[in-house]
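Numbering (this note's numbering), first residue to last: 679 to 845. The C-beta atom is built at its ideal place from N, Cα and C for all residues, glycine as well. Everything on this sheet refers to the single structure shown next.
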Amino acid sequence: EGRVEVYHGGQWGTVCDDQWDDADAEVVCRQLGLGGVAKAWSQAYFGEGSGPVLLDEVRCTGNELSIEQCPKSPWREHNCGHKEDAGVSCTPLTGTPVINHHRKKQDKGRVHSSAKNFSNGALRLAGGKGSHEGRLEVYHTGQWGTVCDDGWTELNTQVVCWQLGFK
């Protein structure tokens, strides 16, 4: 968590909090390689920066891979002071999946978790030789499900790896 600063034109600067929301924070967390729950903070919550304000009116959808891909005002065009510096927190999802390998016959092929405190959208890898590989599963409305590979790309794999905390 902290104040968002970006590097452009050979120098670091801050981002103004006009239009700043959780979708923008999600992109920043993704760009930093941090998964979990993204939250936007405004009004220099993490302290005022110094140097130029480089971005304003950032309006990410939440699907971009970097803040540079988001609609925004041109670089260095702003109507802000450092009292409006934007911040983010990237809070890891609670609970580590604890896999129960004792399956019933009718549950063949399914992996159950004994942990119950997952948030919708939590991801895990199951059925691999270690925690770094396996079938991608997503938690939704109280249960784990698989992800279809139709249209799956290397870019999707990179995003999932970042969300799981891998580089």
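*Leaving aside the five residues before and after C738 along the sequence, list all residues of the same chain whose C-beta is less than 6 Å from its C-beta, in chain order.*
A701, D702, V705, C748
_Member of P752, C826, N757, Q841 whose CA lies at the smallest distance from the CA of R802_ = Q841
*Mark H756 as exposed unless 16 or more other C-beta atoms lie within 10 angstroms of its C-beta, in which case mark it buried.*
buried
*Just tell me which of A800, T824, Q821, C694 has its CA closest to the CA of G765.*
C694
*asked:* As an exercise, report each continuous beta strand (DSSP E) stretch of at least 3 residues that is fully enclosed by the region 806 to 832, in chain order.
replied: Secondary structure within the region 806 to 832: the beta strand (DSSP E) runs of 3 or more consecutive residues, fully enclosed, are 812 to 818, 821 to 824 (chain order).
_Reference Q689; option with closest CA among Q721, S728, W698, G680_ = Nearest Cα to Q689 within the set Q721, S728, W698, G680: S728.
*For A716, the first and last residue of its enclosing beta strand (DSSP E)*: For A716, the enclosing beta strand (DSSP E) has its first and last residue at 715 to 719.
_My output table needs one value for A701: the three-state DSSP class, helix, strand or coil._
helix
*To the nearest angstrom, how far is it from the Cα of E762 to the Cα of A716?*
When the Cα atoms are used, E762 and A716 turn out to be separated by approximately 19 Å.
_Distance between beta carbons of T692 and E683, contact taken as under 8 Å_ = 6 Å
*Which residue's Cα is closest to the Cα of P730: C758, V816, E746?*
Comparing Cα positions, the closest option is C758.
*Among all the DSSP beta bridges, which residues are the ones paired with H686?*
Beta-bridge partners of H686 (DSSP): Q689.
*Buried or exposed: which applies to K807, given that a residue is buried once 16 or more other Cβ atoms fall within 10 Å of its Cβ?*
exposed
*Using three-state DSSP, classify C738 as helix, strand or coil.*
coil
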